[in-house]
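Chains as they are written, first to last, in the numbering used here: chain H, 584 to 880; chain D, 25 to 361. Written below as structure tokens is the structure these notes are about.
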């Protein structure tokens with residue numbers, strides 16, 4: 584008995600930093616740090632360029648004037664700013680009600696029904712829909728039918744991209760509402776609709792707003808779906824006393840794309856300034872939604 | 025009870041009196057829903073059904089509208105559309121093989137770069153390398169990378185990435201020009217700068233989905249590996265990552281799907297030249313960029329052809345995305361032991 588225990592050699596438990604395994608491990612840790620830092624470089628490079636090149640051109644004229652033609656100096660992107668706001672507004676007006684209704688179904692009314700599961704899968708697949716295909720669908724549904732490029736066509740294209748985000752975040756938010764709150768409401772004799780409208784949706788509201796804001800931020804930066812639904816324009820949406828709603832409409836994103844390919848310095852400077860404005864809008868919405876979405880208490 | 029202030033005591037008394045009276049009349053605060061309530065309930069539930077149906081309608085419309093509008097184009101251009109290599113609107117010759125090739129090439133190159141970086145980032149953020157606050161900072165950086173609009177990446181690519189990559193590409197071409205990947209020189213836009221920007225754009229997707237997969241690995245599996253004497257990276261590479269492999273694979277597929285459909289950055293950086301090439305410094309074209317460039321000024325006959333192209337793009341991305349979503353479904357469903 585005692586002889587057997589004596590044979591067991593106790594392994595060295597001391598750390599050997601120069602052993603091959605330890606070196607490999609440390610090397611890989613260094614590599615991971617390098618990758619993480621490299622991944623951060625583009626963000627700071629983009630922000631730096633936006634501030635330096637866009638910031639130098641950003642002034643009141645840039646925000647309020649119409650785009651300059653060819654060799655013209657000065658000018659701005661006021662109409663594009665308005666166009667972006669209008670089209671994202673149209674998109675949200677369509678996507679938010681539809682998205683929340685669908686989310687209510689997925690989270691509460693039919694969460695495990697066949698229809699619910701199929702729709703959830705469809706929604707997840709739609710999140711990966713190339714934005715240009717949303718543009719193609721809006722082109723077929725609105726532009727070909729009404730016969731003109733317009734702000735509503737752009738809004739419909741954007742709404743197609745916003746719906747999946749709104750649904751998935753709202754579904755998560757509704758599912759997070761504690762079951763006891765629901766049970767209490769049912770115990771009082773509420774109908775399912777009353778439970779949904781008076782308990783679930785108000786409680787889930789911060790989460791739902793976060794989702795809506797993220798969808799809005801994404802839509803504001805979308806270019807591809809607007810290229811051939813809203814096209815672009817050098818005029819105001821509302822000019823000389825009439826509203827040109829069914830006319831081609833400018834947007835920040837398309838303006839950046841068009842100006843980036845021009846051989847004129849003035850236009851390229853404006854593209855940078857418009858990018859700065861667009862990124863500021865998107866980042867502010869992102870930060871605010873993050874703040875709102877933070878769990879309370 | 026005696027410590028309750030007079031005001032509060034009043035209210036309690038009034039409330040209890042009221043409640044008592046109502047209780048005597050056979051009613052209470054809670055009551056069965058009225059006919060109106062039931063009517064509203066029916067209506068709202070039907071509305072919610074409509075909402076879900078609209079989502080399915082979007083998918084149906086995508087297939088029906090794009091497929092239907094592409095039909096005349098399919099009859100006209102036939103299968104030669106997919107195998108043809110020239111795109112000449114004047115002579116009505118439409119071939120998208122170069123665009124399909126460019127789409128696959130740029131997406132795979134982007135997946136190679138962005139996928140490796142994204143998974144590394146996910147490991148870095150989930151495996152206790154960093155203090156929670158530093159990890160949160162890096163997580164925010166990755167999320168903000170996803171927030172920047174693709175057209176801004178395109179502009180940045182033109183003025184920062186291309187000038188930065190050009191001298192490196194020149195050196196590689198001069199020294200290793202015999203390797204097919206470096207066989208041309210980079211004259212401006214090209215596959216490499218486009219793929220680099222694309223890689224940055226899919227990194228957040230890959231990183232976010234992989235993080236979820238890595239977090240789902242049970243803690244005891246990790247502890248068992250450490251308990252057997254594994255170093256940190258032995259545990260990560262041989263135990264944790266393999267356990268999370270289904271989810272990570274799903275992340276790569278979803279990232280690939282995103283890369284296939286990305287439009288603006290490529291339209292601005294890839295050079296829009298219809299050629300099939302192995303060289304990553306050569307300009308090329310992609311399906312999405314082809315659509316973006318040709319749709320705005322297309323006549324009715326060309327629209328039919330472009331709808332055909334949109335259908336091909338939709339078929340490719342839909343297949344990749346359905347596979348990706350399905351892998352995620354399986355990865356989340358399978359019980360982990």
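From the three backbone atoms N, C-alpha and C, an ideal C-beta is built for every residue, glycine too.
Nearest-angstrom Cα distance between residue 239 of chain D and residue 227 of chain D?
By 1-based counting over the second chain, the position of residue 239 of chain D is 215. By 1-based counting over the second chain, the position of residue 227 of chain D is 203. Using only the alpha carbons, I get a separation of about 18 Å.
In angstroms, rounded to a whole number, what distance separates the CA positions of residue 189 of chain D and residue 209 of chain D?
Stepping through the second chain from its first residue, residue 189 of chain D is reached at position 165. Stepping through the second chain from its first residue, residue 209 of chain D is reached at position 185. In a straight line, the C-alpha of residue 189 of chain D is about 11 Å away from that of residue 209 of chain D.
Would you tell me roughly how many angstroms separate the C-alpha atoms of residue 140 of chain D and residue 161 of chain D, rounded to the nearest one?
Working through the second chain from its first residue, we reach residue 140 of chain D at position 116. Working through the second chain from its first residue, we reach residue 161 of chain D at position 137. Taking the straight line from one Cα to the other gives about 20 Å.
How about residue 839 of chain H and residue 179 of chain D: do their beta carbons lie closer than 9 Å?
Here the question's residue 839 of chain H lines up with position 256 in the first chain. Here the question's residue 179 of chain D lines up with position 155 in the second chain. Going by C-beta atoms, residue 839 of chain H is nearer than 9 Å to residue 179 of chain D.
Nearest CA to the CA of residue 342 of chain D: which residue from D:285, D:103, D:201?
Position 318 of the second chain, counted from the first residue, corresponds to residue 342 of chain D. Taking only the C-alpha atoms, the option nearest residue 342 of chain D is D:285.
When the distance is taken between beta carbons, is residue 320 of chain D closer than 9 Å to residue 814 of chain H?
Sequence index remark: in the first chain, residue 814 of chain H carries index 231 (1-based). Sequence index remark: in the second chain, residue 320 of chain D carries index 296 (1-based). A contact, by the Cβ cut-off of 9 Å.
For chain D, check one thing: does any of its Cβ atoms lie closer than 9 Å to the Cβ of residue 688 of chain H?
What you label residue 688 of chain H is simply residue 105 of the first chain in a count that begins at 1. Chain D, which has a Cβ nearer than 9 Å to the Cβ of residue 688 of chain H, makes this yes.
Can you name the start and end residues of the alpha helix (DSSP H) that residue 138 of chain D belongs to?
Looking up residue 138 of chain D in the second chain gives position 114. 121-150 is the extent of the alpha helix (DSSP H) around residue 138 of chain D.
Beta carbon proximity, residue 730 of chain H to chain D, threshold 9 Å:
Position 147 of the first chain, counting from 1, holds the residue named residue 730 of chain H. With 9 Å as the cut-off, residue 730 of chain H does not count as an interface residue toward chain D.
Taking the C-alpha atoms as reference points, what is the distance between residue 241 of chain D and residue 352 of chain D?
For the purposes of this step, residue 241 of chain D is identified with residue 217 of the second chain, where counting begins at 1. For the purposes of this step, residue 352 of chain D is identified with residue 328 of the second chain, where counting begins at 1. Rounded to the nearest angstrom, the two C-alpha atoms are 14 Å apart.
What do you reckon, are the CB atoms on residue 306 of chain D and residue 214 of chain D nearer than 9 Å?
Within the second chain, the letter at position 282 stands for residue 306 of chain D. Within the second chain, the letter at position 190 stands for residue 214 of chain D. It is a contact, given that the beta carbons lie within the stated cut-off.
Using the C-alpha atoms, what's the distance from residue 318 of chain D back to residue 835 of chain H?
As a first step, residue 835 of chain H is located in the first chain; it is residue number 252 there, counting from the start. As a first step, residue 318 of chain D is located in the second chain; it is residue number 294 there, counting from the start. Cα to Cα, residue 835 of chain H sits roughly 21 Å from residue 318 of chain D.
Between residue 750 of chain H and chain D, is any beta-carbon pair separated by less than 9 Å?
One-based indexing of the first chain puts residue 750 of chain H at position 167. So, interface residue.
Going by DSSP, name the residue or residues bridged to residue 826 of chain H.
Here the question's residue 826 of chain H lines up with position 243 in the first chain. Beta-bridge pairing links residue 826 of chain H to H:821.
Nearest by alpha-carbon distance to residue 669 of chain H: which of H:762, H:614, H:809 is it?
Position 86 of the first chain, counting from 1, holds the residue named residue 669 of chain H. Of H:762, H:614, H:809, the residue nearest in Cα terms is H:809.
Of all the options D:330, D:223, D:312, D:354, which has the alpha carbon lying nearest to the alpha carbon of residue 712 of chain H?
Counted from its first residue, the first chain places residue 712 of chain H at position 129. Among D:330, D:223, D:312, D:354, the Cα nearest to that of residue 712 of chain H belongs to D:312.
Helix, strand or coil, according to DSSP, for residue 300 of chain D in the structure here?
Taking the first residue of the second chain as 1, we reach residue 300 of chain D at position 276. When secondary structure is reduced to three states using DSSP, residue 300 of chain D falls in the coil class, being assigned neither helix nor strand.
Pick helix, strand or coil for residue 777 of chain H, following the three-state DSSP scheme.
In the first chain, counting from the first residue as 1, residue 777 of chain H sits at position 194. Looking at residue 777 of chain H - three-state DSSP - the assignment turns out to be helix.
For a test of the three-state rule: what should DSSP assign to residue 46 of chain D, helix, strand or coil?
To locate residue 46 of chain D, count along the second chain from 1; it is residue 22. Low local confidence applies: a pLDDT of 41 at residue 46 of chain D is under 50, so the model's placement there is unreliable, and no value is given.
The segment 645-660 of chain H / the segment 845-859 of chain H touching (three or more Cβ pairs under 8 Å)
yes
With 9 Å set as the bound, which would you pick, yes or no: does the beta-carbon of residue 847 of chain H sit closer than that to a beta-carbon of chain D?
Here residue 847 of chain H refers to the residue found at position 264 when the first chain is read from its first residue. It does not: the Cβ of residue 847 of chain H has no partner Cβ on chain D nearer than 9 Å.
For residue 111 of chain D, write down the residues that DSSP places opposite it in a beta bridge.
Locating residue 111 of chain D in the second chain gives position 87, counting from the first residue. For residue 111 of chain D, which the question treats as bridged, DSSP gives the partners D:118.
Distance, residue 682 of chain H Cα to residue 75 of chain D Cα
Taking the first residue of the second chain as position 1, residue 75 of chain D is located at position 51. Taking the first residue of the first chain as position 1, residue 682 of chain H is located at position 99. If I take the Cα positions, the gap works out to 7 Å.
At a Cβ cut of 9 Å, what residues of the segment 734-748 of chain H count as close to chain D, listed as they run along the chain?
743, 746, 747
Residue 69 of chain D, DSSP secondary structure in three states
Taking the first residue of the second chain as position 1, residue 69 of chain D is located at position 45. DSSP places residue 69 of chain D within a helical segment (H, G or I) once states are collapsed to three.
According to DSSP, simplified to helix, strand and coil, what is residue 640 of chain H?
For this step, residue 640 of chain H is matched to residue 57 along the first chain. Coil, per DSSP.
The alpha helix (DSSP H) enclosing residue 282 of chain D, as first and last residue numbers
One-based indexing of the second chain puts residue 282 of chain D at position 258. First-last of the alpha helix (DSSP H) with residue 282 of chain D: 269-285.
For residue 642 of chain H, count the other beta carbons within 10 Å of its own beta carbon; 16 or more makes it buried, fewer makes it exposed. Which is it?
Counting from 1 along the first chain, the entry for residue 642 of chain H is found at position 59. Exposed.
Buried or exposed (CB count within 10 angstroms, at least 16 for buried), residue 45 of chain D
Within the second chain, residue 45 of chain D is the residue found at index 21, counting from 1. At residue 45 of chain D, the pLDDT of 40 sits below 50, so the modelled position is not reliable; the number obtained from the coordinates is stated separately. Looking at its Cβ environment, which holds fewer than 16 other Cβ atoms inside 10 Å, residue 45 of chain D is exposed.
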